[in-house]
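Numbering (our numbering), first residue to last: 595 to 826.
Working notes, beginning with the structure itself.
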């Protein structure tokens with residue numbers, strides 16, 4: 595496998611990352627399309643024997659987004675017996691003229707550790723991996739059929755994300771450093787996939803004592819200018 599020569603990996607272990615981005619209105623996910631196969635997949639990779647699992651996942655996200663220090667959380671281990679389809683991996687190897695015998699380890703059963711990352715959509719220049727001819731953002735409700743169990747991985751990531759939205763304050767990773775209350779509400783609505791009452795949302799956010807208020811954002815009439823906030 596090109597790019598993986600002379601590296602020792604932990605057998606039968608991989609990671610897959612659900613990379614969430616917010617474009618101001620929609621919650622999107624970064625998806626790879628593998629060349630000459632028509633297969634779509636989450637960005638992922640393998641763990642070197644001298645590397646921690648978290649470091650491998652962080653490097654994988656950096657390789658695909660160019661970003662360091664993103665919010666990255668391990669959320670589930672996927673280990674169903676039938677989760678991996680060796681025919682998919684074989685198609686990738688054949689399509690790229692890679693030696694299937696030498697890389698037969700890639701055709702074995704793998705346990706994969708799921709991570710989700712939260713990033714500011716506008717800061718990313720997506721980069722495909724060796725096997726991909728494209729990488730792009732897809733809305734969560736318009737995902738293509740992904741290879742193996744990657745659609746299930748996305749579903750689980752969304753479930754965990756929604757359950758932990760308030761506790762982990764993940765909105766801070768999807769927004770600029772300073773944001774309006776409306777922008778923060780739009781993040782919550784995109785993740786939760788539901789409309790929220792403006793007054794109720796604002797009251798709840800302010801009661802948590804997690805926001806620092808700054809100057810107003812003057813874009814129109816002064817008396818309607820919203821305050822800017824940042825997380826403490």
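Backbone N, C-alpha and C fix where the C-beta goes; we use that ideal spot for every residue, glycine too.
Quick caveat, the model's predicted, so the values are computed rather than measured.
Selection from 627, 779 and 787 that minimises the alpha carbon distance to residue 689: On the chain shown, position 95 is the one that residue 689 refers to. For the residues 627, 779 and 787, the minimum Cα distance to residue 689 belongs to 627.
Option in 691, 731, 687 and 671 with minimal Cα separation from residue 705: For the purposes of this step, residue 705 is taken as residue 111 along the chain shown, with counting starting at 1. For residue 705, the nearest C-alpha among the options comes from 671.
Could you pull the start and end residues of the alpha helix (DSSP H) that residue 826 belongs to? Translated into the one-based positions of the chain shown, residue 826 becomes position 232. Element bounds for residue 826: n/a, residue is neither H nor E.
CA-to-CA distance, residue 645 to residue 703, given in whole angstroms: For this step, residue 703 is matched to residue 109 along the chain shown. For this step, residue 645 is matched to residue 51 along the chain shown. Roughly 21 angstroms between the two C-alpha positions.
Nearest-angstrom Cα separation, counted from residue 708 out to residue 824: Taking the first residue of the chain shown as 1, we reach residue 824 at position 230. Taking the first residue of the chain shown as 1, we reach residue 708 at position 114. Here the alpha carbon of residue 824 sits roughly 29 angstroms from the alpha carbon of residue 708.
In the DSSP output, which residue or residues are listed as bridge partners for residue 807? Position 213 of the chain shown holds residue 807. According to DSSP, residue 807 bridges with 823.
In this structure, how does DSSP classify residue 739 when only helix, strand and coil are distinguished? Along the chain shown, one-based indexing puts residue 739 at 145. Correct three-state label for residue 739: coil.
State the DSSP-derived secondary structure class of residue 605, mapped to helix, strand or coil. Looking up residue 605 in the chain shown gives position 11. Residue state, collapsed to three classes: strand.
Among residues of its own chain, excluding the 5 on either side of residue 662, which ones have a beta-carbon nearer than 7 angstroms to its beta-carbon? By one-based count along the chain shown, residue 662 stands at place 68. Taken in chain order, the residues that qualify are 656.
Alpha-carbon spacing of residue 753 relative to residue 649, whole angstroms: Taking the chain shown and counting its residues from 1, the one referred to as residue 753 is at position 159. Taking the chain shown and counting its residues from 1, the one referred to as residue 649 is at position 55. Approximately 24 angstroms between the Cα atoms of the pair.
Interface flag, residue 698 vs chain D, CB-CB below 9 angstroms: Any reference to chain D falls outside this structure, which holds one protein chain only.
For residue 658, does the count of other Cβ atoms within 10 angstroms reach 16, so buried, or fall short, so exposed? The residue you call residue 658 lines up with position 64 of the chain shown. With 16 or more Cβ atoms within 10 Å of its Cβ, residue 658 is classed as buried.
Using 10 angstroms around the beta-carbon of residue 605, count the other beta-carbons present and answer buried if the total reaches 16, otherwise exposed. Reading the chain shown from its first residue, position 11 is the one you call residue 605. Residue 605 is exposed by the Cβ-count criterion.
Residue 635: first and last residue of the uninterrupted beta strand (DSSP E) it sits in: In the chain shown, the residue the question calls residue 635 occupies position 41. DSSP places residue 635 in the uninterrupted beta strand (DSSP E) bounded by 633-635.
Could you check which residue in 701, 712 and 806 has the C-alpha nearest to that of residue 755? Indexing the chain shown from 1 puts residue 755 at position 161. Minimum Cα distance to residue 755 is reached at 712.
Find the nearest neighbour of residue 802 within the set 784, 782 and 761, judged by alpha-carbon distance. The residue given as residue 802 occupies position 208 in the chain shown. Nearest C-alpha to residue 802: 761.
Would you kindly check if the distance between the Cβ of residue 714 and the Cβ of residue 767 is under 9 angstroms? On the chain shown, residue 767 is found 173 positions in, with the first residue counted as 1. On the chain shown, residue 714 is found 120 positions in, with the first residue counted as 1. Yes; because the gap between Cβ atoms is below 9 angstroms, this pair is in contact.
Quick one: is the Cβ of residue 675 within less than 8 angstroms of any heavy atom of the ligand COA? With respect to the ligand COA, the structure offers nothing, as it holds no ligand at all.
What is the DSSP secondary structure of residue 681, counted as helix, strand or coil? For the purposes of this step, residue 681 is taken as the residue at position 87 of the chain shown. Residue 681: helix per DSSP, three-state reduction.
Length of the line joining the Cα atoms of residue 633 and residue 741: Walking along the chain shown from the start, residue 633 turns up at place 39. Walking along the chain shown from the start, residue 741 turns up at place 147. Going by the C-alpha atoms only, they are around 6 angstroms apart.
Please report the distance separating the alpha-carbon of residue 744 from that of residue 721. In the chain shown, residue 744 corresponds to position 150, counting from 1. In the chain shown, residue 721 corresponds to position 127, counting from 1. Going by the C-alpha atoms only, they are around 19 angstroms apart.
Return the first residue and the last residue of the beta strand (DSSP E) that residue 667 is part of. On the chain shown, position 73 is the one that residue 667 refers to. That run of the beta strand (DSSP E) goes 665-672.
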